[in-house]
Structure formats: C-alpha cells, structure tokens
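Note that the sequence shown covers residues 1 to 284 in UniProt numbering.
Ideal placement from N, C-alpha and C gives every residue a C-beta, glycine not left out.
Small disclaimer: the values here were computed from a predicted structure and weren't measured.
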Amino acid sequence: MGDVLAGFHAVWEFESDSVLIRYERGIRTPKLFQALGERRIPLSAVEGVTLSPGRRGTVVLRLLPRAGADPLLEAADGQLKEGSDPYRLVLPAERQTLAEYYADELKSLLTEAGSGPADRFLVPAPEAPLSFKAYDGKASFDGRAVQFRWSWTGASSAKWKAGDQRLAVADLSGVEWRSPEVFQGHLRLLRRADDSAAAVQPDQDPAAVVFGLGYGPVHESLPFAAAVLAAVRTRGPVPVVPAPSRRDPADIAERIRHLGELHQAGLVTDEEFSSKKAELLAQL
Numbered sequence: 001m002g003d004v005l006a007g008f009h010a011v012w013e014f015e016s017d018s019v020l021i022r023y024e025r026g027i028r029t030p031k032l033f034q035a036l037g038e039r040r041i042p043l044s045a046v047e048g049v050t051l052s053p054g055r056r057g058t059v060v061l062r063l064l065p066r067a068g069a070d071p072l073l074e075a076a077d078g079q080l081k082e083g084s085d086p087y088r089l090v091l092p093a094e095r096q097t098l099a100e101y102y103a104d105e106l107k108s109l110l111t112e113a114g115s116g117p118a119d120r121f122l123v124p125a126p127e128a129p130l131s132f133k134a135y136d137g138k139a140s141f142d143g144r145a146v147q148f149r150w151s152w153t154g155a156s157s158a159k160w161k162a163g164d165q166r167l168a169v170a171d172l173s174g175v176e177w178r179s180p181e182v183f184q185g186h187l188r189l190l191r192r193a194d195d196s197a198a199a200v201q202p203d204q205d206p207a208a209v210v211f212g213l214g215y216g217p218v219h220e221s222l223p224f225a226a227a228v229l230a231a232v233r234t235r236g237p238v239p240v241v242p243a244p245s246r247r248d249p250a251d252i253a254e255r256i257r258h259l260g261e262l263h264q265a266g267l268v269t270d271e272e273f274s275s276k277k278a279e280l281l282a283q284l
C-alpha cells in the first residue's frame, strides 16, 4: 500500500506485509509510546481490524494482534489501560471515511496472513540493554542475564541476605509483571523447576523487584519485561508455571490492614482500596 495515516500520538505507514507504527513525542503522548519509538507489526501477527467511535469526536482504528504474537502484550497480560494500547490509532471523526478505506484494505490483506494463537513471537521485542529503577533496587538486562542490585532504603532484609542477583536467561521459564499503576506492582523472574516461587511475596523474593512511589513505571518496566520474556522464549519450550497457592489468611489480614492505613492517609483512592481489598480476599 505504501500509504501513511496520521492520528493522535502516532503515524501508521502501511506496507504490503506490515504496518510501521511511529509514535510521536510530546507532553500529551503516553510515555509508553515514547519509549517504544516505533514498531513494525507484521500482518502475520494480526488477525483482525476494527473501527469504532472514540471519545470527543474521534474514531479509533485498531489492529487485533494474535495471541502470543507480541512479547509486549504477553508480558502486560491484559493490564494496559486503553490509552496505552499500542495497537490503537485515534483519529478526528472527519477522517472516518479514510479510516474505513484503510481498515478494508488491511482486512483484504489479512486473509492471506495467519490466524489463531501464534506459536512464536512475530513482533520484535524491545532491544537490550535495558534498565530501570524499582522501589527496592535497580534492574538491568544485557540480553543474556538480568541483574538486580538492591537499594539501601527499599530492599527487605531477605533480599539483603540473599545479596545482589544475576539470573541467566537460560535459567528462566518466564516473567510475571504486575503493573505499577495498581497496588503492589512488581516484576518477578520465574525460574525453571522452582515450584515455590509463586508462594513468596515479591518484597521477600530475591528474583523479584517491587514498584511504587514512582519507581518501575510502565514505560520502563514493561518493555524490560517484554525483552526478557522474548529472550526466554527464543530458547525453546519452557515448563508450565504452576498456579499460585492459597495465601496465608494472617498475611492477607495484615495486607488489608496496611491497605486501610494507606487509604486513610489518602495515598489510595476509594476505588483502588475496594478493588485491591476484593483481590486480596479472593486469594483466601
């Protein structure tokens, strides 16, 4: 096709086998988009296209990626907010006819592409080296191993006793990313043949760093998690990670009490308090 469609925060360039998305820089552009810079999405990684009304006189053109095709979305695990969805292009409503044309053109090309879950990542992952500051330490990834260096003020005694960590990609089975935009966000590295990892709280687990108070923001920690996940997956099939076990009721009660203190101090909104409390109770 070779055409270009400019919207809010991004420009899409259409090719016969891919869509090149160039994200704009600016104060109003989501920081995740700015961190990504640009992404080439092969049509083989897409299974559909939608066009729907947006907010305040806009329309939204969106690519529907195949499950398992994009390491960024796999790491995010459905936690990205709508405004941070890298597959959405928001356009003024007066461009709806033009958007409909491109949507139809893409649909005609997708008939020749794949559909259903992908057996491997088709969208390139963010490139190493990558690093970010978490609440309890600094995380860095050089493409071969992840290193956690604990901070003096935030790290738990369990992490200080374990010492700084260096975990090779070859020893990992995956990653667990929990958005810093919700209570108790973290990045945990899942190690092969370690059935007990899910039962350890992230602030006590030397294979995890925790987020909070501006540390580990989405635009830094999510691309990091995606890059590590892609490196792990390219090594071939990995063991199935066991489901988390039930939590200790006393621990749940203590965390709800702490959550209540944050709520009373105005550090957690009513909505965040209710949502997290329900999440904690569901783990009993």
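Reference residue i, options the options, closest by Cα
| i | options | result |
| --- | --- | --- |
| Arg66 | Arg233, Pro117 and Val123 | Pro117 |
| Tyr101 | Asp164, Val4 and Lys31 | Val4 |
| Glu181 | Ile27, Ser18 and Lys81 | Lys81 |
| Glu227 | Phe132, Ser274, Ser18 and Thr269 | Note on residue identity: the sequence assigns Ala, not Glu, to residue 227. The option with the nearest alpha carbon to Ala227 is Phe132. |
| Gly83 | Ile21, Arg28 and Glu220 | Arg28 |
| Leu122 | Gly266, Val46, Phe211 and Trp12 | Val46 |
| Thr50 | Val90, Arg39, Glu24 and Gly26 | Val90 |
| Val11 | Arg39, Ala35 and Asp17 | Arg39 |
| Leu167 | Arg178, Gly154 and Phe141 | Phe141 |
| Phe53 | Thr97, Gly68 and Asp70 | Sequence inspection shows Pro at residue 53; the Phe mentioned does not correspond to that position. The shortest C-alpha separation from Pro53 is found at Thr97. |
| Leu172 | Arg178, Leu43 and Gln147 | Gln147 |
| Ala6 | Pro92, Asp70, Leu281 and Gly48 | Pro92 |
| Leu281 | Arg149, Gly266, Ile256 and Gly260 | Ile256 |
| Ala139 | Val209, Gly214 and Asp70 | Val209 |
| Leu187 | Arg144, Gly143, Gly137 and Arg233 | Gly137 |
Residue i - containing beta strand (DSSP E), residue span
| i | result |
| --- | --- |
| Thr58 | Thr58 to Pro65 |
| Lys138 | Gly137 to Phe141 |
| residue 326 | Coverage of the chain is limited to positions 1 through 284, which leaves residue 326 absent and any answer about it impossible. |
| Ala170 | First-last for Ala170: undefined, no H or E at that position. |
DSSP state of residue i mapped onto helix, strand, coil
| i | result |
| --- | --- |
| His219 | helix |
| Thr29 | coil |
| Val182 | coil |
| Ala227 | helix |
| Ser115 | coil |
| Gly83 | helix |
| Ser16 | coil |
| Phe211 | coil |
| Pro42 | strand |
| Arg192 | coil |
| Val200 | coil |
| Ala6 | strand |
| Ala145 | strand |
| Leu281 | helix |
| Val232 | helix |
| Arg257 | helix |
| Glu127 | coil |
| Phe121 | coil |
| Pro206 | coil |
| Ala265 | coil |
Length of the line joining the Cα atoms of residue i and residue j
| i | j | result |
| --- | --- | --- |
| Pro129 | Pro206 | 21 Å |
| Trp152 | Val218 | 23 Å |
| Asp119 | Arg235 | 13 Å |
| Ile200 | Leu190 | The residue you asked about is not Ile; residue 200 is Val in the sequence shown. In a straight line, the C-alpha of Val200 is about 12 Å away from that of Leu190. |
| Ser275 | Phe183 | 9 Å |
| Gly185 | Val59 | 32 Å |
| Glu279 | Val175 | 21 Å |
| Phe211 | Leu32 | 16 Å |
| Asp85 | Gly78 | 10 Å |
| Leu64 | Ser157 | 44 Å |
| Gly26 | Ala193 | 44 Å |
| Trp160 | Lys107 | 54 Å |
| Ala253 | Ala134 | 26 Å |
| residue 352 | Arg56 | Coverage of the chain is limited to positions 1 through 284, which leaves residue 352 absent and any answer about it impossible. |
| Val19 | Ile41 | 5 Å |
| Ala35 | Phe8 | 16 Å |
| Asp270 | Ile21 | 37 Å |
| Ala125 | Ala230 | 6 Å |
| Ser221 | Arg95 | 35 Å |
| Ala155 | Asp203 | 7 Å |
| Ala243 | Leu43 | Low confidence applies to Ala243: its pLDDT is 40, below 50, so where it sits in the model is not reliable, and the reading given next is rough at best. C-alpha separation (whole angstroms): 33 Å. |
| Leu61 | Glu74 | 21 Å |
| Ser16 | Leu109 | 8 Å |
| Gly163 | Asp104 | 56 Å |
Extent of the continuous alpha helix (DSSP H) to which residue i belongs
| i | result |
| --- | --- |
| Ser151 | That residue, Ser151, is in no alpha helix (DSSP H); it is neither H nor E in DSSP. |
| Ala75 | Pro71 to Ala76 |
| Leu109 | Gln96 to Leu110 |
| Ala158 | Ser157 to Ala162 |
For residue i, the residue or residues it bridges with in DSSP
| i | result |
| --- | --- |
| Leu51 | Leu61 |
| Glu176 | Arg188 |
| Pro92 | Thr58 |
| Val11 | Ala6 and Arg22 |
| Gln165 | Phe148 |
Test: residue i CB closer than 7 Å to a CB of chain B
| i | result |
| --- | --- |
| Ser16 | The structure shown has no chain B; it contains just one protein chain. |
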